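Written below as structure tokens is the structure these notes are about.
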Amino acid sequence: MAMGISVEFIFFTLTLTLSLLPLISANSEGDALYTLRRSLSDPDNVLQSWDPTLVTPCTWFHITCDQDNHVTRVGGMDPLGFTNYGIVPSCRDLGNSNLSGHLVPELGNLARLQYLELYKNNIQGKIPVELGNLKSLISLDLYNNNISGIIPPALGKLKSLVFLRLNDNRLNGQIPRELGVISSLKVVDVSNNNLCGTIPTTGPFEHIPLNNFENNPRLEGPELQGLAAYDTNCS
């Protein structure tokens, strides 16, 4: 009898634990997003709904989740203008929202994130290497900010990436050759930075217009076409 009760108790505990896993995951993603909120100055209070006491961030404005309560979009609006819970978000996304501050490594914990859209703000600092953990990421839109440092080679791990828009920042260093293995990549814009070295021509870069690289004073023409030698020493 005691053995039967013990087995039932174990089964109940296991079932309860499994049922709570989505909420635990949602809380960890909420923690990551709240860390981002705390790192940003938000004079217009566009992030006011980002309340860490809520069970899930899926009801926050500017956040979209999938049916399993995993965050899939930060910054943009759901295509239908609604969140998964039927709540109408604010009338604009996080682009041009007067945000300043810096990005945080914790963003790399958003395992199912597909869209990160924080363009046209005054975000500073570096692109976290941890963004390379976002294996589901489709669009990385950080253009028109004040971001400095290098483009992390770790972004080459983003095998689902289609759009990489980092133009109009203060990025330096070379364009990582690791990006050339992302077969899904269709749009790359790194114009108006301070990049150096040469423009890649392999993989997706074969079809990227040259004007998407313009206004980088130290960036040479395409390599392997007799226009410039590959420079590994730029910084």
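Here the sequence shown stands for residues -26 to -1, 1 to 209, where the numbers follow mature numbering (1 follows the signal peptide of the UniProt record, and there is no 0). C-beta atoms are modelled at their ideal positions from N, C-alpha and C, and glycine is treated no differently. Note that this is a predicted model, so its numbers are computed, not measured.
Could you tell me whether the Cβ atoms of residue i and residue j are closer together than 7 Å?
i    : j    : result
A128 : V164 : no
V136 : K160 : yes
L68  : H36  : yes
G50  : Y89  : yes
Span of the beta strand (DSSP E) holding residue i?
i           : result
H181        : First-last for H181: undefined, no H or E at that position.
E152        : Note, E152: premise wrong, no beta strand (DSSP E); not H, not E.
residue 227 : Residue 227 falls outside the range modelled here, since the chain spans only -26 to 209, and no answer is possible.
S74         : S74 to H76
Between residue i and residue j, what straight-line distance do the alpha-carbon atoms span, to the nearest angstrom?
i    : j    : result
S71  : K100 : 19 Å
N83  : N185 : 34 Å
G106 : C208 : 22 Å
P79  : Q148 : 22 Å
D142 : I112 : 20 Å
T46  : D40  : 6 Å
N146 : F187 : 13 Å
Could you tell me if residue i is buried or exposed, where buried requires 16 or more neighbouring beta carbons within 10 angstroms of its beta carbon?
i     : result
H181  : exposed
T38   : buried
R12   : exposed
G195  : exposed
L(-4) : At L(-4) the pLDDT is 42, less than 50, meaning the model places this residue with poor confidence; the figure from the coordinates comes in the next sentence. Answer is exposed; the Cβ neighbour count stays below 16.
D115  : buried
I'd like to know if the region 173 to 188 and the region 152 to 160 are in contact, where contact means that at least 3 CB-CB pairs between them fall below 8 Å.
yes
Closer than 8 Å is the cut-off here; do at least three beta carbon pairs connect the region 90 to 100 with the region 20 to 34?
no
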